[in-house]
Amino acid sequence: MSKLGASTHDHSCAAAGASSVPELAVNEALVRILASSEFAVSARNRAFLQFIVNETLAGRSKRIKAYTVAVEVFGRGENFDPQNDPVVRIEAGRLRRALEHYYLSAGRDDEVVIHIPKGSYIPAFALRPTEAADQPAAPAPASVPTEPDVAVSRPEGLRNWWRCAPRYFRVTALVLVAAGLMGLGYITHPLRTPGQVADAIPLRPSIVVLPFSDLMGETEQSLLSRGFADELITQLTRFKEIIVYGRGTGAVMLNSDDPAQFSRELGVAYSLEGSIGESAGHLRASVRLLNVRSNEIVWAETFLRDLDAGNLLALQQQIAGDVATRIAQPYGIVAQASDRQAASMQPDDMAAYRCGLQFYAYRAELRPDAYARAKSCLEVTTELYPAYATGWAMLAYIYIDEDRFWSDGEAQTPAPLDRALDAAKRAVALDPNDVRAWQALMMAHFFHSDVAKGVYAGERGLAINPNDTEFLGEFGMRLAMMGEWERGTSMVREALARDPANSPFYRSVLAWDLFRVGKYEEALEEVHRIGMIKLPLYYAVRAAILGQLGRTEEAAEDGRRFLKEMPGFFDRLETELSKRNMQPEFRQKIIEGLRKAGLPVPETVTRAPGMAPVME
């Protein structure tokens with residue numbers, strides 16, 4: 018070690034009291050951030066963060082200037098001029114927003130907050146107050162010293178020894194500890210260096226929530242209504258298909274002379290704004306979603322709640338949930354405006370994002386050609402972005418659909434459902450707060466006939482985001498098919514009512530509900546509302562209903578169309594019925610209808626377990 022390095026290190030070890038955050042805790046916080054899929058920045062911005070934190074902890078904060086960062090992190094030449102090239106300022110802004118998003122999502126419970134004050138590139142470290150642990154982000158320090166003294170006070174003994182150990186030793190030890198924790202399952206996704214995490218997950222549409230105008234006056238109700246924007250942030254961050262920025266970014270944006278330039282520099286695509294107040298005994302929220310770059314109003318709606326129907330806090334939560342559902346759903350407003358958003362992305366990000374759109378377009382129609390495109394692009398996307406939890410969840414769904422809709426019955430190694438389970442487990446491990454990951458795991462367990470694990474995964478996902486109507490519809494369908502018809506159909510109806518753009522496939526459970534109680538004409542009408550004529554199973558469902566109605570010619574025609582697409586289905590009918598977890602009485606009605614339609618139901622599945630023979 019050089020004399021300069023030794024003296025700097027010794028000085029930082031000898032000093033005390035300038036910061037209450039132990040260096041070890043800061044290093045652990047940095048490792049946690051860099052390993053998180055919610056820290057959505059480029060490789061060079063990860064290197065940017067690591068550089069400024071390491072330099073600060075090493076007592077070299079005076080070196081952290083635009084020139085040094087540009088040359089040592091961004092690879093600019095020695096002739097770099099910060100006045101003519103704003104790259105460091107722009108990337109620092111992106112880094113601040115990424116940290117803000119991280120502390121709104123995966124890092125909401127982190128004890129240590131790493132903050133980059135505006136106007137400086139020197140990071141500040143703060144311990145999150147215990148009473149504020151449930152807030153979106155810890156407050157930034159009021160001021161940052163020109164030359165912060167990074168020496169920290171800590172208990173005597175082992176921690177002090179750790180503090181003064183050579184830096185290479187401490188960094189190596191941290192990596193080994195992190196690897197050990199990962200091996201034990203405490204860290205559920207691989208840690209990577211900045212070079213290894215390049216574009217670990219694709220960019221997603223980004224939304225900044227601005228403060229809402231308060232139309233209620235200086236009253237107690239007014240104090241409650243001011244939290245509406247915060248409630249929106251909380252609800253929106255549950256949807257992993259978007260990136261949400263909070264109050265800090267909103268405040269900067271409001272004070273910006275050029276919102277479009279702000280958008281270009283920080284990558285913000287949409288702003289959510291509006292007003293909230295009282296009108297004729299109702300809590301009234303007017304909400305607008307704007308394209309920041311064009312200032313175009315993408316969507317606007319007014320929400321009303323009866324003030325006598327509940328307390329203001331509950332009403333705020335209800336409206337915020339409805340707003341989040343409308344704009345952040347996979348089939349929602351932002352997804353519908355996605356082409357313009359994708360056009361501004363880097364080529365790989367654009368392809369990955371459009372791949373997600375292809376997946377949801379496929380889910381809305383369930384067409385074989387759309388399935389093939391979605392499968393192909395998702396397999397490429399997950400290889401390109403191995404830390405993209407939502408991508409793995411989508412791929413798991415594709416494998417499930419391969420088994421239940423598009424399989425030719427030939428044995429594959431590994432089987433589609435096994436591939437689905439592996440992909441779903443990987444998605445949950447990468448991001449335990451991703452509802453799409455729990456949805457995929459729920460489905461994989463259900464189709465493996467592991468109902469208990471399927472229900473557990475469903476309840477976990479529902480608890481994470483009860484406003485996700487895509488999840489609500491799928492979980493409701495699974496519950497109904499296993500016999501919880503009342504709760505399941507109620508969830509499906511709620512999903513369809515709150516998000517009419519949702520996949521019509523979920524209507525099939527409403528048709529089955531009518532079918533099981535003998536309301537065959539109404540069941541047939543419900544099936545026609547689904548309208549998925551490219552889906553082979555559509556004709557099997559309709560054939561069973563027509564068979565029970567005695568409309569044998571129509572039923573036989575549907576049967577022929579189904580057999581043409583899935584000729585080996587009835588050879589494995591026992592397996593197909595079992596993995597859908599149908600209850601005996603319901604299953605028996607389906608078998609009867611298929612037999613009446615003239616379809617080749619094997620004698621071995623004429624009776625469901627526990628049922629008496631059918632009297633012909």
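Converting from the sequence shown to this note's numbering requires adding 17 to each position, the first position being numbered 1.
Cβ atoms here follow ideal geometry from the backbone N, Cα and C, with glycine treated the same way.
Around the beta-carbon of P222, 16 or more other beta-carbon atoms lie within 10 Å, marking it buried. Rounded to the nearest angstrom, the gap between the Cα atoms of K135 and A115 is 14 Å.
DSSP places Y556 inside the alpha helix (DSSP H), whose first and last residues are P553 to L566. Contact between the stretch 268-275 and the stretch 245-257 is not established, with fewer than three Cβ pairs separated by less than 8 Å. F587 places its beta carbon less than 8 Å from that of P617.
In this structure, E117 lies near Y262, with their beta-carbon atoms less than 8 Å apart. Sixteen is the threshold: when 16 or more other Cβ atoms of the shown chains lie within 10 Å of the Cβ of G576, as they do, the residue is buried. Contact between E487 and Q335 does not hold, since their C-beta atoms are separated by about 19 Å, which reaches or exceeds 8 Å. With a beta-carbon spacing of about 6 Å, R255 and I481 fall inside the 8 Å limit used to define contacts. With distances taken between CA atoms, Y348 lies nearest to E258 out of D420, E258 and R421. By alpha-carbon distance to A572, the top candidate from G610, A437, D323 and A341 is G610. In the three-state reduction of the DSSP assignment, D102 falls in the coil class.
Here D420 carries a helix assignment [DSSP, helix/strand/coil]. Counting along the chain, Y473 sits inside the alpha helix (DSSP H) bounded by residues V468 to I481. In the structure shown, the three-state DSSP call for Y138 is coil.
Rounded to whole angstroms, the gap between the alpha carbons of D485 and M459 is 15 Å. In the DSSP assignment, D516 falls outside any alpha helix (DSSP H), carrying neither H nor E. For A302, the enclosing beta strand (DSSP E) covers residues H299 to N308. In this structure, DSSP gives S296 an extended state, which the three-state scheme calls strand. Distances from the CA of D418 to each of K613, A391 and E400 were compared; the closest alpha carbon is that of A391. Inter-residue distance for P276 and I344 is about 21 Å (C-alpha atoms, whole angstroms). Taking Y523 as the centre and dropping the five residues before and after it, the same chain places the C-beta of G490, E491, G493, M494, V509, A512 and L513 closer than 8 Å to its C-beta, in chain order. Scanning its chain for C-beta atoms nearer than 8 Å, with the 5 sequence neighbours on each side dropped, one finds around T342 the residues G349, N484, D485, T486, R515 and D516, in chain order. Remark: C-beta atoms of V285 and V225 approach each other more closely than 8 Å.
By DSSP's assignment, W316 forms a beta bridge with L306. S288 is the residue among S288, I260, F279 and Q252 whose C-alpha sits nearest the C-alpha of P228.
Scanning its chain for C-beta atoms nearer than 7 Å, with the 5 sequence neighbours on each side dropped, one finds around E582 the residues P553, in chain order. The DSSP-derived three-state label of Y348 is coil. Annotation: M498 to S507 spans about 13 Å, alpha carbon to alpha carbon.
Looking at the backbone, the Cα of L594 and that of V526 are separated by about 15 Å.
In this structure, V130 is the residue among D102, V130, P39 and D98 with its C-alpha nearest to the C-alpha of R113. Across the structure, F463 and W423 are spaced so that their CA atoms are roughly 18 Å apart.
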